[in-house]
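Here the structure comes first, spelled out in structure tokens, and everything after it is commentary.
Numbering (the numbering used here), first residue to last: -8 to 571.
Here it is, written out as structure tokens:
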């Protein structure tokens, strides 16, 4: 299983290496955006939890206020009972109306609070408060009856009993308030904990996203830079004439892989071309030596012919004896000239092959330059996209400023609510508690916004670092393009020199053809001298003229052979610059 997993990972890596350089950076950008999107979703979920906790806190705060109002209502009803005993001027109907209003308010509060009693203890205390409220109602009815019957002593007893019931109800109300306040404290703790958790998750998510993004960019940049440096190194070696084994082993099919293959092909073609040129140069050098020796021998033969012509003037017999020797030497000379002419034609064909190989190398170099320009365009596109990311973070900063303004306005509203609750007195205490909680929440939101602003600034700084890295990569690509263009110029110079060499070789081949034709004429003349040796008097002048012409041609051959030897030496010096 581990082996299969490694194979799958290797295939995935190789498929990534086949992507174009621009697509690689685009994939990294997509991963970075995905990480930030996931971070945003996670933080949004935590913020939703905080919102739910705040809503729970508001509901429990309202419930605490309602419980307090219930206690106040029972207390007001107890006061009305005592008012019934002490205020003889008020009619029982007015007092009964006031009492009924308080009782109706209590019932409305009880109906509103009852569904929000969650625990068994809360329900028990709520039931006790309702039971005591019923007793207060019962005592009020009894007090009315005693007052109407004139039994004020019994009514006072009922009033005292009502006070005791009110005190018991107040204790139950206080216990219920304590429970509600404790639950509100728990809700506050939960909201605070959720806020802390959301902040920690935000920091961790951003940190992880930044670390992964930087690692991915560094990894791809390292791979691109490393292989580009290898290509640049090979280009420098080729420019310096070093064509030894330096194969670039890169398996990807991206621009760098294509460039590496082009450089490998160019190096192999150059190496093969230099080897062929070296072989041709060696052949030319050998043939020039042979031609020089042949011309020297021909010169000696011409001198012998001149001597023979002089001897012919003194005796036909001596001329006849030497004519055979001259004919033999002439045949050898013709054979050597023919051989030199054939070698010149072969050298001309080889030089044409050299031109074709040089043109192929020049075409490959132009292709390499085009690929490097494509890579440069992709890197510049990645830099443009990173600049777009910086603009987006600026928009986030503006949105944070808007939220901060809203938090400030909320804080101001909470302060105004506190002032209004202070003006309301005792009945506004519950509202003051809510206003204070809203103010604290506004301050917490302000602090959170400051932290988020700091983190966004950190993201912008890291984005600037990434963009600088991409620009540095772009500079490396530009340097690689310059080196390859210089190599292309060197290829152009090589092509020009090879064309000049081919022109000279063609001239040499033409000269050799002329020499071969002239040698055949010389051979024919010598044969005629041998056949008409008896007519030496008439043939001496013709033979002497032919000998002078042949000697001139041989001297020209000798001069051309020296020129060919010099050209061959120059070609060898040029080839020595290359290390094969």
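Positions of the beta carbon are idealized from the N, C-alpha and C atoms, including for glycine.
Source: prediction; values computed, not measured.
Next item on the list: Rounded to whole angstroms, what's the CA-CA distance from residue 101 to residue 121? Just pull it up for me.
Entry: If I take the Cα positions, the gap works out to 8 Å.
Notebook entry, point to check: For residue 298, which of 316, 142 and 284 has the nearest alpha-carbon?
Noted result: Out of 316, 142 and 284, 316 has the C-alpha closest to the C-alpha of residue 298.
Checklist line | When 455, 438, 548 and 27 are compared against residue 183, the one with the closest alpha-carbon | finding: For residue 183, the closest alpha carbon among the candidates 455, 438, 548 and 27 is that of 438.
Checklist line | Three-way DSSP call (helix, strand, coil) for residue 142 in this model | finding: Judged by DSSP in its simplified three-state form, residue 142 adopts coil rather than helix or strand.
Item checked: DSSP-derived helix/strand/coil call for residue 110 -> In the structure shown, the three-state DSSP call for residue 110 is coil.
Note to self: residue 127 and residue 87 - do their beta-carbons sit closer together than 9 Å?
What the structure shows: With respect to residue 127, residue 87 sits apart: the two C-beta atoms are not nearer than 9 Å.
Next item on the list: Look at residue 193 and residue 23 and say whether their C-beta atoms are less than 9 Å apart.
Entry: Not in contact: residue 193 and residue 23 (Cβ atoms no closer than 9 Å).
Next item on the list: Using alpha carbons as the reference points, say which of 112, 151, 140 and 221 lies closest to residue 174.
Entry: Cα-wise, what sits closest to residue 174 is 112.
Next item on the list: Rounded to whole angstroms, what's the CA-CA distance from residue 573 to residue 162? Just pull it up for me.
Entry: A query on residue 573 cannot be resolved here, the shown segment of the chain reaching from -8 to 571 and no further.
Check: Who are the Cβ neighbours of residue 561 in its own chain at under 6 Å, not counting the five residues just before and after it?
Finding: Apart from sequence neighbours up to five positions away, no residue of its chain approaches residue 561 with a beta-carbon distance below 6 Å.
Check: What's the call for residue 65, buried or exposed, on a 16-neighbour Cβ count within 10 Å?
Finding: Residue 65 should be labelled buried.
Checklist line | Candidates 110, 427, 117 and 557, of which the one nearest residue 599 by Cα | finding: The first residue shown for the chain is -8 and the last is 571, placing residue 599 beyond what the model contains.
Note to self: Measuring only the C-alpha atoms, how far is residue 382 from residue 375?
What the structure shows: Residue 375 has its alpha-carbon roughly 11 Å from the corresponding atom of residue 382.
Check: What's the call for residue 197, buried or exposed, on a 16-neighbour Cβ count within 10 Å?
Finding: That one is buried.
Next item on the list: State yes or no: is the C-beta of residue 94 within less than 9 Å of the C-beta of residue 60?
Entry: Cβ distance not < 9 Å, so residue 94 and residue 60 don't count as in contact.
Item checked: Cβ shell of residue 150 (< 7 Å), same chain only, five flanking positions each side left out -> Excluding sequence positions up to five before and after residue 150, its CB lies within less than 7 Å of the CB of 72, 73, 76 and 134, all in the same chain and listed in chain order.
Check: Is residue 442 closer than 9 Å to residue 27 when the C-beta atoms are compared?
Finding: For residue 27 and residue 442, no; Cβs fall outside 9 Å.
Checklist line | Cut-off 7 Å between Cβ atoms - residues of its own chain near residue 372, not counting five sequence neighbours on either side | finding: Around residue 372, the same chain offers 13 as residues with beta carbons nearer than 7 Å, after the five sequence neighbours per side are excluded.
Item checked: Beta-carbon proximity of residue 30 to residue 204, cut-off 9 Å -> The beta carbons of residue 30 and residue 204 sit no closer together than 9 Å.
Check: What separation, rounded to the nearest whole angstrom, lies between the Cα atoms of residue 364 and residue 452?
Finding: Between residue 364 and residue 452, the C-alpha separation is close to 30 Å.
Item checked: Of the residues 284, 250 and 105, the one placed nearest residue 361, counting alpha carbons only -> The shortest C-alpha separation from residue 361 is found at 250.
Check: So is residue 582 buried or exposed if we call it buried at 16+ other beta carbons inside 10 Å?
Finding: The structure shown has nothing for residue 582, since the chain only spans -8 to 571.
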